[in-house]
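Heads up, the thing below is written out as structure tokens.
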Amino acid sequence: MKRFVSVFLALALLSSAMMIGGCKQRKVTVKTGEIVICTAGEIISDNTKELQVPEKDVAKYSVTTRVTTCEDHGNVASLYDDAQAAIAAGDLDAAAAKLRELLALNPTYKLASSQLKDIDAGKKPAKDPGSSSGTTTSTPKPDDSTAAVSNLVKYVPDTVVGYSAQGIIADPASIARTYLPTSGNADQLVIMADQTVDAKSAATTIATLKTVYPGSGAAVTIGSKTGYFGVRDGFAFVVVADGPIVVSVELHAKTGKAIDLKAAALKVASAIVR
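Our numbering puts the first residue of the sequence shown at 7, with every later residue one more than the last.
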């Protein structure tokens, strides 16, 4: 949770620092290019560059993203299926070896962590019913992983109407992205999605975030779901649970009060959470 909140604040400070002042036409530092993210949450390549452009031209520049499976993590699914086959055969030593190798690559993959804990405790874990019954599988195709980041990237799309997509911070269980508004009274947008264990854990995360943004706190409707809106200093904040995933939207007021950004924050949240 500490990491979840601190990422938001760090990105907010970074984005604020990128504004270029002066008496002449206001300029903004924007990024353009492509970021490639591994399904395990690592940045494979960042081919972006920074430009200083007039504020009115922000909409012309943005960053695109692509999710793929890097070579180091490409055998995770194969290791997992090997472990499941070993569990089914009663060979717990072999299963433990495969699970340890897998967890070194992706510590949050499916049931691997809990299965290894059972084996280390002298218990036979249940085989994952969703795994294949074979002994060894081929390397998964790119973009075909069940890693958390593959499920989270949809919440930080390349296109959000009224905003220019910028950089990304990702790890195996969370993803955050900054956006620059192309008009209006906000000067930055941050969207973050965090994978929790279950809906109960998501509710606990949201309860903590409510204390960080307590001003004007109110329940809000986002699609078919109920979320929370609050403000803190110049920041307007919306958070909602999409199953076990916590999705947060934060807007910073360039002028005026943060409460005035409520409609804009809800519009963004409603566009990414159905």
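Backbone N, C-alpha and C define an ideal beta-carbon position, used for all residues, glycine too. Just so we're clear, the structure is a prediction, and the values are computed from it rather than from any experiment.
Local Cβ density within 10 Å of residue i, reported as buried at 16 or more and exposed below that
{"i": "Gly256", "result": "In the sequence as presented, Gly is not what sits at residue 256; that position holds Glu. Flag for Glu256 reads buried."}
{"i": "Ile197", "result": "buried"}
{"i": "Ala269", "result": "exposed"}
{"i": "Asn159", "result": "As written in the sequence, residue 159 is Val, which differs from the Asn given in the question. Its Cβ being crowded by 16 or more others within 10 Å, Val159 is buried."}
{"i": "Lys104", "result": "buried"}
Pairwise C-alpha distance: residue j and residue i
{"i": "Gly249", "j": "Gly223", "result": "22 Å"}
{"i": "Pro283", "j": "Pro131", "result": "This structure gives no information on residue 283, because the portion of the chain shown stretches from 7 to 280."}
{"i": "Tyr67", "j": "Ile43", "result": "20 Å"}
{"i": "Asp126", "j": "Ala101", "result": "11 Å"}
{"i": "Lys216", "j": "Gln90", "result": "40 Å"}
{"i": "Asp99", "j": "Ile93", "result": "9 Å"}
{"i": "Asp193", "j": "Ser230", "result": "29 Å"}
{"i": "Lys37", "j": "Pro187", "result": "13 Å"}
{"i": "Glu48", "j": "Ala118", "result": "19 Å"}
Integer-rounded CB distance, given that residue j should sit under 8 Å from residue i
{"i": "Val59", "j": "Gln172", "result": "Contact doesn't hold; Cβ gap of about 13 Å is too wide."}
{"i": "Thr45", "j": "Val73", "result": "6 Å"}
{"i": "Tyr86", "j": "Leu109", "result": "Not quite, the Cβ-Cβ distance comes to about 10 Å (not below 8 Å), so this is no contact."}
{"i": "Ile181", "j": "Val203", "result": "Not quite, the Cβ-Cβ distance comes to about 17 Å (not below 8 Å), so this is no contact."}
Simplified DSSP state of residue i, which is helix, strand or coil
{"i": "Lys33", "result": "strand"}
{"i": "Lys268", "result": "helix"}
{"i": "Lys260", "result": "coil"}
{"i": "Ile122", "result": "The sequence given here has Leu at residue 122, not Ile. In the structure shown, Leu122 sits in a helix (DSSP, three-state: H, G or I)."}
{"i": "Asn112", "result": "coil"}
{"i": "Asp78", "result": "helix"}
Check: residue i C-beta below 6 Å from any heavy atom of the ligand SAM
{"i": "Glu256", "result": "This structure simply doesn't include the ligand SAM, nor any ligand for that matter."}
Chain D contact for residue i (CB, 7 Å cutoff)
{"i": "Tyr67", "result": "The question asks about chain D, but that chain is absent: this structure has only one protein chain."}
Subject >> Cβ pair count under 8 Å reaching 3, the region 195–211 against the region 240–254 >> reply: Contact between the region 195–211 and the region 240–254 is present, because at least three Cβ pairs lie under 8 Å.
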